[in-house]
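See below for the structure under consideration.
Protein chains: 4
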Amino acid sequence: MRKLKLGMVGGGDGAFIGAVHRMAANLDGHWDLVAGCLSSTAEKAHRSAEVLGLARSYSSFEEMAARERARTDGIDAVSIVTPNHMHIPIARAFLQAGIHVLCDKPLTTDLAQAEAFAAECENYEHHFFLTHNYSATPMIRQAKAMVANGDLGDIRLIHAEYLQDWLSRPAEPENAQAAWRTDPSRTGGAGAIGDIGTHAYHLATFVLNEQASHLAADLNSFVEGRKVDDNANILLRFGSGARGSIFASQVATGSENGLKLRIHGTKGGLFWEQENPNQLIFTALGGVEQRITRAGSGAGDAANAVSRIPAGHPEGYLEAFATLYRDIACALAGKTDAAKDVPRLSDGVAGMRFIHACQQSSVANSAWHAL
Amino acid sequence: MRKLKLGMVGGGDGAFIGAVHRMAANLDGHWDLVAGCLSSTAEKAHRSAEVLGLARSYSSFEEMAARERARTDGIDAVSIVTPNHMHIPIARAFLQAGIHVLCDKPLTTDLAQAEAFAAECENYEHHFFLTHNYSATPMIRQAKAMVANGDLGDIRLIHAEYLQDWLSRPAEPENAQAAWRTDPSRTGGAGAIGDIGTHAYHLATFVLNEQASHLAADLNSFVEGRKVDDNANILLRFGSGARGSIFASQVATGSENGLKLRIHGTKGGLFWEQENPNQLIFTALGGVEQRITRAGSGAGDAANAVSRIPAGHPEGYLEAFATLYRDIACALAGKTDAAKDVPRLSDGVAGMRFIHACQQSSVANSAWHAL
Amino acid sequence: MRKLKLGMVGGGDGAFIGAVHRMAANLDGHWDLVAGCLSSTAEKAHRSAEVLGLARSYSSFEEMAARERARTDGIDAVSIVTPNHMHIPIARAFLQAGIHVLCDKPLTTDLAQAEAFAAECENYEHHFFLTHNYSATPMIRQAKAMVANGDLGDIRLIHAEYLQDWLSRPAEPENAQAAWRTDPSRTGGAGAIGDIGTHAYHLATFVLNEQASHLAADLNSFVEGRKVDDNANILLRFGSGARGSIFASQVATGSENGLKLRIHGTKGGLFWEQENPNQLIFTALGGVEQRITRAGSGAGDAANAVSRIPAGHPEGYLEAFATLYRDIACALAGKTDAAKDVPRLSDGVAGMRFIHACQQSSVANSAWHAL
Amino acid sequence: MRKLKLGMVGGGDGAFIGAVHRMAANLDGHWDLVAGCLSSTAEKAHRSAEVLGLARSYSSFEEMAARERARTDGIDAVSIVTPNHMHIPIARAFLQAGIHVLCDKPLTTDLAQAEAFAAECENYEHHFFLTHNYSATPMIRQAKAMVANGDLGDIRLIHAEYLQDWLSRPAEPENAQAAWRTDPSRTGGAGAIGDIGTHAYHLATFVLNEQASHLAADLNSFVEGRKVDDNANILLRFGSGARGSIFASQVATGSENGLKLRIHGTKGGLFWEQENPNQLIFTALGGVEQRITRAGSGAGDAANAVSRIPAGHPEGYLEAFATLYRDIACALAGKTDAAKDVPRLSDGVAGMRFIHACQQSSVANSAWHAL
C-alpha cells in the first residue's frame, strides 16, 4: 500500500489540534505530510512550515488547492484544522480541486450552511470525512457492536456527558485556543455545544445507531462577558422510545476531558469513559458486572479491528485519532468498507442539527425541539 | 444519658427498611426497641414481634399510640416504616399522643396533604423527623460545610443522580418491596421520583442549602403495565443562578444503588458517590484533584462530628442511618443543636413539592414548573 | 433468642477498639453490655463506666471475674480489649470463672505462652474467640468459599498486605494507641507484625484454608528510637506449593488502612481490598474480569449469610465486626455451626507462630523459617 | 531537524515488539524506517519487508550492517528487536559499522557477557540505547523528579510489581511470542525475571536513582514442564537503608500488564500503575491524597517535557515508547541532554546484574545476594 500525501490547512505554531492530526497521520505510516497552509497569516504559516520541515508551504488555501491540483505529485487529501467558520470554504476549494477532505468538527457555523453544503457535495467525487475521533476508540466500536447485536436489548436510556473546566474563567486573549472557541464570529455562536457537545452527541448516536428525534436544552453562559454558551444541560428523546441526556460544560470545575457514555437497555447496561478508554463496563440484567478490556478476551471483532497492541498496554487519544487516518488511507487505497465507521458529511449535518436544536430550544425556554 | 424507648410501625417480616431502622437505632446504644405494630395484618405483626423478642406488640397503630401514651414507661419516639399512604395518619396518631416521630420518606402521597399536615403540626409539641439518611453521611456533611464555607465559590452546577435497576422487569407479586413501590394507591402515584428521586433532590439541596426554583421533568414508565414512573430525567434551575439535574431510575441496568452528587462552583468542584461513601473528591479550580477521606487529615469538624472510626476503616449505609438516630437521641436528651442537620417536616414538604413539580412538568411536556 | 450479657475489660476513655467492640455488639441487638473493668487504673475505669452508663464497674479484672461468676445474672461473655501482655491473664480468669471470652489479637506476647495457654484451655469448658474481624467481611467469606469450591483451581500465589502510615513519625506520648503499640513490654516485642501483620496473615490463611509452611522476613524499625518493627516484608511458602507474601507497614506514607488480598490459581484470580470491601474482583483464566458485589447476583451463600442489606448499600468495618458478635451469640444460644468461621484459640496460636517465625527469620538475615 | 533513517533487525511478521517500535518511531515524524533484516529466516524477512513496503531488505544482519555502512544514505540507527541471545552479536555488528543501536531488554543472556560487552563498547563511538520504555512515561518522569526534589523525604520503601497471566498455561508452539520467551536457549535462562522483572527493577531504580545493594529471590516455574521461571517474589535492600520488593509473574491470573510502583518516604508516598498511566497518586505525610495528572496543574517540567496533548486526553504505551525515539532523534541531532533519561548500556548491565542475583539467590534458598 503506497504512502499517501497529506496537506494541512490551519494547525500552525501553538495550535492544539493540528499537532494531533500530524501525530495521528504519522502513527501507522500511511501518510506523509508534504504541504500546508498552516495559518491564515502568511508569515506565521511559513514559519510554522519551516519548523515542521514541510516541503511546500502556501500563503492561502486557495493557492494551495490550485497548486496541489496542478502537481503530478499533489496531495491526496487535506486536513482542515481551522476555526469553524473556515471549514466549508476550504473544504469546497479542495473538493473542487479533486482532493479528499478530512475536516474538524463541528462542520460549520450554522445549519443552513451545512445543509446547503451537503447538497453541493453531491456534485463532488471526492470524499469528505469529519474527525469525530472518539468514535474510533476500540471500546466504543465494541459498544456499538454490542448494541447492534442486541446484547443490551431494547435501549431505554442513553446519557452522554462531556465536562471540562478550562474555560471556567474569562478567556485570556493570548490563549488562541480559548479565544476563537469563545468568539461567535468564528464558532458561529455555539460554544460548549459546538466544541464538545457535538462530540458527545455524535458518540451517543454513533453507538446507538439512531439520531435523537427531539431535545430540550438549557444553555448558559456562566462566565461574565462570554458571548457563547459554556454549559448545556440537554434532555433527549428518540423515536425508538429511548430517553437520554447530553451535558456539555466548559465550566465544570475539576473536569479535564470528561467524556462519558452510559447506555441502559432491557437486557444490559454499558459504561465508558474517555479518560480511561481501554475498558468498557458491561452488566447483563441480573448478571455480574464485567470489565471488558481492549484486546482482552471479551473484546470482539469490531474492537479488535482497531486495536494495535495487547491488552493491558493502554492505547489513548492519539491512537483512536490515528485509526481515522488509517481507515481513510485504507479506503482511499481501495479497501472496501475500511472507512465505513469514519464519520462523514451526514454526521456533520447531524451535528449542526443538534447545535441548531439546542439553540432553538433554549430560546424557547427549553421547549422540546425536533432534530 | 438514659436510653430512650423506641416503637415501630411497619417493618415486619420481610421488610427491608424496618430492619435497617432497628440496626441504626441499636448501633450507638441510645435506643431500646420495646413496642411495635409491625404489620397492618395483626397476625403477621405479632409473629414478627415474637421473632424480634419485642415486649409489646399491637394489632393497630391507633391502639399502640393510645396504650403507649397511657404507660408511664411508654415509648419516647416511634419510627414509621410503612408505605407512603400511611405515613401521615400514623404520624398524627403518635404526635397527638405526645410521642416523637421518625418517618420514612417521602412524607406522603401528595403535596396538598403534605402542606395541610405541616400546618397541622404547628399545633403539636413533639418532633417530626424524616429519615433522609444519606444526608448524615460524613462526607456529605463535609460537602455541605465546604459549600457553606465558600470553598467552591459561587455554585454554577449541581448534578445528582440515583440509579438502580431492580425494577427493570415487571414486579413479581411476591416481592413485597417491589409491589407497594409500584402501586399508585400506596405511593400516591410517584414511582422512582418518590422512592429515590426525593433522596437525590434532598441530598442536592441539603448540600447546596438552597431549594431549586424551577424544574423541567421527563418522566417515563418503561416497563410494560407499570402504573408509576420508573425513570425521571429532570433539569433544575435555582434562584441563585445555578443549574442542575436529577436523574432517578429504577431501570438503569447495571446500577445497584447509584446515588451520586457533583457540584461545580467558580472556585472548585466536588464529587461524591454513595457506593464508596468514605471519600469526597475535591478540586480547586487550577489545583490538583484531592481525595478527602472520612476521618482523614482533610476532613473538617462537620464530618468528624458524625464519624465513628479512624480513616481507612469504612463506614457505610447503616452508620449514616445510625447517625440520625444518635442525633435525635441527643436532641431529645436536651443537647441543643444535636439534630440541627436531621431532616424535618419542611424537608418532607420540599420533597412532595419536588414530586408534584415533576408530575406537573411532565404532563406539560417538560415545561419548567416552579417549586 | 434471649439477649446475652456482655462484660468488657479494657476499652475505657480514649480507646479505639473498645468502642468498636461496643458498637459491634450493639448492632444486631443480641448483646447487652452490663459490666466492665474498663481500665487498669480504677479511677479511670469507673469514670469511663459512668460515661457509658455501665451498671457494674470493677476496679480489677480479678474482682470482676469473681463477682460476675457469683451473680445469677452474671455476664455470659467478656471482651478483652487491652494491650497484648494482659490478654492471657484476663482470659484465664474469666474462663476459670465459667465465662466465655472474646479476645483481641494478637493472642499474647510470645509463642511459648500461647502454646502453653492453648494446652491449658483444653481444661476449660468455655469458649475462647479471637476477633480477627476482617475474616467476617462478606466478600472474604465469598473468597474463601470460591477457593474451597475450586473456582480458582490450584492456588499458586497469595499476596496479602496491610499498609498504614500513622506511625511514620515517633509516637507522641499522649497518643495512648501509639504508645502501647510501640512499647515492647506491652506488645511482647512485635510491632507492625503483631498489630496488623497477624491480620493479614490470618486473612490469607483463612481464605486459603492452609497455613504457610515457611516464611522469610525482613523486619525494620524505620523510625528513630523505635523499639519494635514498623515494617515487615515477608515471603511465604506453603506445603501445597503455593508461594506468597505479607507486607505489613505502619510507615507506608499515603496508606490509611490498606489491607489487600490477591490470590492467583490455575483457573482464576481474586482481588479484595478492605477500604472498598463490598466487592470482590474475580477473573477466570481466559475470561472477563468480574466485579462480584456483596448481595449482588454473583454472591453466594457464604457471603449472603453475613450480609445485612441490599447490594449497593455499603457495609463496612463495623458490620463485619458485628458479624463476629452475632455469630458468637447464635453459637452460645445453641445454633450449631453458627460460629464455625469465627477465629478461635488455634488461630491465635497460628498468629503467634507467624510473629515468632518473622522474628526468628529476621535475626537470621531473612532465612526461611518453618511455621 | 532532518529526518533520521532507521533500520530494524527482527520484528517480522507476527512479532509484537517490532510493530511497537515502528509505530513509536513514526509518531513524532523524526524517523523513516528504510532498511531491515526482519527475521532470521531470509524468506520470512523479505516477505515481511514487502508487507511493510521496506526499501531495503537483507538476508542477514551482518550483510545489513556492512551494506548500510557502505551507503552514503545508510541508516543512522538500528533497532534490535530479536530474542535476547542475539542482542549483543547484532549490536556489535552495527556499532562496529558506525551505526547507533536501540536494543530491546534484557541486554543479553548472562551477566558475564553483559559486562564484557560493556567493556568492549568503550571502544565504540556510537551510542547504545536500551528500550526500557516505561521509564519514558510522563508520570514516571514526574515521580523521578519528585523523588530527586525531596518531595518524599528519605525513601524507606519501594515496591514494584509486574504481573501478567498470559503464560499461565504451557505455551503453545505456534505462539512465537510465548515460545522464545520460555526457551532458555534464547532467553539465557531467565523467564519472567528477564522479560518483565527487569522492567520493574529498572523502573524502581530509575525513579529512585539508586541501584539495590542486595536482593533475596524466590523463583518458581509453576507451569509443568516450563524451563524458565514464571514467577519471582523478590525482596530488596538499598545502601541508603530503603527496603523494597519486586514481584514479577506471568501466571498471576486476572492480570493483563500489571506494572505498578509504590514509594514511601519520610515525607510522602507515591503510587503509579501502568494500565492507567496518566495519573500519579501522591500523599504528603499528614496531607490529603492528590491525583497528579499528566499535563495537569500538578505536573512539573520533567513530565511536561515528554507530554504531547492536554490533560484528560490519555496518552498510552506507544506514546511513552515514542518518547524514547524522539529523545534519541533529538540527541543524535545534537541537542545536548535530550536523551539524558533514555536507558543506556549501564542500565542493561544493571538489569543483567539483577537477573543474575535473582538466580544466584534462588539457588541459595533465597539468601541475600549482592548486586
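Chains as they are written, first to last, in UniProt numbering: chain A, 1 to 371; chain B, 1 to 371; chain C, 1 to 371; chain D, 1 to 371.
Note that beta-carbon positions come from the ideal geometry of N, C-alpha and C, so glycine has one too.
- Residue 301 of chain C and residue 309 of chain C have their alpha carbons spaced roughly 14 Å apart.
- Taking 9 Å as the CB threshold, residue 278 of chain A stays off the interface with chain B.
- With distances taken between CA atoms, residue 262 of chain D lies nearest to D:272 out of D:268, D:255, D:272, D:253.
- Any Cβ of chain D closer than 9 Å to the Cβ of residue 220 of chain C would place that residue at the interface, and such an atom is present.
- One thing to note: residue 353 of chain D has its Cβ within 9 Å of the Cβ of residue 371 of chain D.
- Counted as a single uninterrupted DSSP element, the beta strand (DSSP E) harbouring residue 283 of chain B occupies residues 279-284.
- Residue state for residue 96 of chain A is assigned as helix, using DSSP reduced to three classes.
- DSSP, reduced to helix, strand and coil, places residue 356 of chain A within a helical segment of the structure shown.
- Residues of the region 72-93 of chain B whose Cβ lies closer than 7 Å to any Cβ of chain C: none.
- For residue 283 of chain D, the chain C residues whose C-beta falls within less than 9 Å of its own C-beta are 165, 253, 254, 255, listed in chain order.
- In the three-state scheme derived from DSSP, where H, G and I count as helix and E and B as strand, residue 63 of chain D is classed as helix.
- Under the Cβ criterion of 9 Å, residue 26 of chain C is counted among the residues facing chain B.
- Sequence-distant partners of residue 305 of chain D (beyond 5 residues in either direction) whose C-beta falls short of 8 Å from its own C-beta, in its chain, are 141.
- DSSP, reduced to helix, strand and coil, places residue 5 of chain A within a strand of the structure shown.
- The shortest CA-to-CA distance from residue 61 of chain B to any of B:75, B:55, B:38 is the one to B:38.
- The continuous beta strand (DSSP E) containing residue 32 of chain D extends over residues 31-37.
- Rounded to the nearest whole angstrom, the C-alpha separation of residue 23 of chain D and residue 303 of chain B is 51 Å.
- Between the region 124-140 of chain A and the region 222-238 of chain A, the count of C-beta pairs closer than 8 Å stays below three; the two stretches do not touch.
- Assignment of residue 293 of chain C by DSSP, reduced to helix, strand and coil, places it in the strand class.
- When the beta-carbon positions are compared, residue 243 of chain C and residue 276 of chain D stay at least 9 Å from each other.
- Within chain A, the C-beta atoms nearer than 8 Å to that of residue 268 of chain B come from 253, 254, in chain order.
- Under the three-state reduction of DSSP output, residue 272 of chain D falls in the strand class.
- Apart from the 5 residues on each side of it in sequence, residue 76 of chain D sits with its Cβ closer than 8 Å to the Cβ of 4, 5, 6, 99, 100, 332 in its chain, given in chain order.
- Counting along the chain, the unbroken beta strand (DSSP E) around residue 260 of chain C starts and ends at 258-265.
- Take the alpha-carbon of residue 208 of chain D and the one of residue 201 of chain C: they are about 29 Å apart.
- In the three-state reduction of the DSSP assignment, residue 195 of chain B falls in the helix class.
- Taking CB atoms only, residue 265 of chain D has a neighbour in chain C less than 9 Å away.
- About 19 Å separates the Cβ atoms of residue 81 of chain B and residue 197 of chain B, ruling out a contact at the 8 Å cut-off.
- The contact set of residue 140 of chain A on chain C, defined by CB atoms closer than 8 Å, is empty, because the minimum CB distance reaches about 18 Å.
- Contact between residue 312 of chain D and residue 257 of chain A is confirmed by a C-beta separation of about 3 Å, below the 8 Å threshold.
- Counting only Cβ-Cβ distances below 8 Å, residue 31 of chain B has no contacts in chain A at all, with the closest Cβ about 37 Å away.
- Residues of the region 309-322 of chain D with a C-beta less than 9 Å from any C-beta of chain B: none at all.
- In this chain, the alpha helix (DSSP H) harbouring residue 317 of chain B covers 317-332.
- Nearest to residue 307 of chain D by alpha-carbon distance, out of D:111, D:102, D:138, D:30, is D:138.
- Shown here, residue 309 of chain C sits in coil according to DSSP, grouped into three states, outside any helix or strand.
- Of all alpha-carbon atoms in D:253, D:92, D:114, D:111, the one lying nearest the alpha-carbon of residue 124 of chain D is that of D:92.
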